[in-house]
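What follows is a set of notes on a single structure, which appears directly below.
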């Protein structure tokens, strides 16, 4: 077994904070609000031919799951060392990740219902609910892969190479089946498999395996992964747009993740120094402690601000600045700041949903609770967010939390939460 990573790695904290900021900025840029001649439209402003080269740089979802693999490995090893069980760890992940999501879904659904009562057109609310719901796939999938950390870390510790090869073969099998049959739905099996493979890369990073490789070897691996991805995109197997390859996920994202983790490991010593001093340290701390809250609330913030722009334009009987106009680009920095500030405000104002300790929850209860937790987010991804889907989602989520509560006689026996390496993705 390889030695675990140090108790706290500020480069991972910085990585998570930067990824959170990039996601918010991207989604804010995508929000194209058009009001012209009294007609209103909400469009994806990044669905443009010029975006695909940039997507290779700003597709940072693999880095999120790599960081989750590092923190998950560290957290479970500490949990295990205090006598905690795999089932208890899975339950603790659900208890930390799911409650902020339940609150965000409930509050957003109430907001959409209020807007409907005020006379906002139904088609705009349906569009808004869809756009708010889509980024929630991350919460559902992250919940799934984190609850599987104990099983897959155990497999990694026994047969690291065989485990990641087997998972990668599963990704390839899904891709080949989808491409050969034309059945797109098959590809969504990779919503689990792709991110499980990338989480395994985080286990390798946590073990220090990348750090022990030479710089030349890591650059070679990164170059080979990017070249392979480029060839597959050039011959039409996959899209050259790394965000198209997100839905459904493909082996292209695994290759991108290999390149990213190789290059990130090279930069880690410098990133640790940067993240330990001055403004970068302050930003890392501020964003890291609120990462999941910012992720959950930034889309409602975007929709609220977009709604305010539409209301202003209609009341004042003026057109908004056309998309891609130089003035539109000039206003993007102010727009990013407004979205980020409102997301932080919503995150701070959001009520906290308290749940009981997981204690010595059984494996069956942990499995059922985890499945219900993932299902509570999946229903929103499939149906979009409205009052009906929110009721189903919240009911499933509350059911999950109830199931993973330990019997009263067992509460208070939970192993101490891992300390020394905070997992910013779990912060509300």
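In full-length UniProt numbering, the protein residues as written are 1 to 428. Virtual Cβ for every residue (Gly too), placed ideally from N, Cα, C.
Go to residue i, then tell me how far its alpha helix (DSSP H) extends in each direction, as first and last residue.
i	result
residue 42	Note, residue 42: premise wrong, no alpha helix (DSSP H); beta strand (DSSP E) at 39-44.
residue 306	291-316
residue 47	Here residue 47 belongs to no alpha helix (DSSP H), and DSSP marks it neither H nor E.
residue 322	From DSSP, residue 322 is part of no alpha helix (DSSP H); its letter is neither H nor E.
residue 60	Run containing residue 60: none; DSSP gives neither H nor E here.
residue 170	160-181
residue 126	122-133
residue 147	137-147
residue 285	278-288
residue 387	387-403
residue 189	That residue, residue 189, is in no alpha helix (DSSP H); it is neither H nor E in DSSP.
residue 223	215-234
residue 384	That residue, residue 384, is in no alpha helix (DSSP H); it is neither H nor E in DSSP.
residue 360	Segment: none, residue 360 is in no alpha helix (DSSP H) and carries neither H nor E.
residue 116	86-117
Who are the near neighbours of residue i in its chain, counting only those whose CB is closer than 7 Å to its CB and skipping five residues on each side?
i	result
residue 369	91, 94, 400, 403, 404
residue 251	171, 172, 175
residue 327	321
residue 155	163
residue 53	none
residue 58	22, 26
Alpha carbon to alpha carbon, what distance is there between residue j and residue i?
i	j	result
residue 216	residue 260	15 Å
residue 416	residue 79	Per-residue confidence for residue 416 stands at a pLDDT of 46, beneath the threshold of 50, marking its modelled position as unreliable; no derived number is given.
residue 202	residue 68	7 Å
residue 19	residue 167	25 Å
residue 83	residue 64	28 Å
residue 280	residue 9	14 Å
residue 16	residue 189	26 Å
residue 108	residue 256	34 Å
residue 253	residue 196	12 Å
residue 352	residue 345	14 Å
residue 113	residue 397	20 Å
residue 194	residue 46	24 Å
residue 410	residue 181	Residue confidence is low: residue 410 scores 49 on pLDDT, short of 50, so the model does not pin down where it sits. Its coordinate-derived value is still stated next. Going by the C-alpha atoms only, they are around 51 Å apart.
residue 335	residue 274	27 Å
residue 240	residue 360	47 Å
residue 221	residue 115	51 Å
residue 421	residue 289	Summary for residue 421: the model assigns pLDDT 41, below 50, so the residue's position carries little reliability; its value from the coordinates is reported in the next sentence. C-alpha separation (whole angstroms): 12 Å.
residue 366	residue 282	36 Å
residue 210	residue 316	58 Å
residue 14	residue 271	8 Å
residue 432	residue 372	In this structure the chain extends from 1 to 428, so residue 432 is not present and cannot be described.
residue 111	residue 379	19 Å
residue 200	residue 66	8 Å
residue 349	residue 198	34 Å
If you drop the 5 nearest sequence neighbours on each side, which residues of the same chain put their C-beta closer than 8 Å to that of residue i?
i	result
residue 362	87
residue 106	390, 394
residue 178	184, 186, 187, 248
Where do the N-terminal and C-terminal ends of the beta strand (DSSP E) with residue i fall, by residue?
i	result
residue 239	Run containing residue 239: none; DSSP gives neither H nor E here.
residue 31	31-36
Whose CA, out of the options, lies closest to the CA of residue i?
i	options	result
residue 387	225, 212, 122	122
residue 70	229, 12, 322, 243	12
residue 204	36, 142, 126, 264	264
residue 245	98, 331, 28, 191	191
residue 24	208, 340, 360, 375	340
residue 61	149, 43, 332, 141	141
residue 301	347, 288, 290, 240	347
residue 98	144, 250, 325	144
residue 27	271, 49, 55	55
residue 29	332, 342, 371	332
residue 138	213, 156, 292, 305	292
residue 40	314, 371, 14, 392	314
residue 308	208, 155, 342	342
residue 126	272, 42, 325	42
residue 50	377, 324, 350	324
residue 38	311, 350, 165	311
residue 337	350, 285, 262, 305	305
Ignore the nearest five residues each way along the sequence and tell me which others in residue i's own chain have a CB closer than 6 Å to its CB.
i	result
residue 73	153, 203, 206
residue 128	303
residue 276	10
residue 267	none
residue 150	76, 86, 89
residue 330	none
residue 375	396
residue 258	225
residue 6	Model confidence at residue 6 stands at a pLDDT of 49, short of 50, so the residue's coordinates are unreliable; what they give is reported in the following sentence. No residues qualify anywhere along the chain.
### Message
For the region 289-300 against the region 99-113, do three or more pairs of beta-carbon atoms, one drawn from each stretch, fall closer than 8 Å, so that the two count as touching?
### Response
yes
### Query
Does the count of Cβ pairs from the region 133-143 and the region 365-384 closer than 8 Å reach three?
yes
### Query
Between the region 303-320 and the region 26-42, do at least 3 Cβ pairs fall closer than 8 Å?
yes
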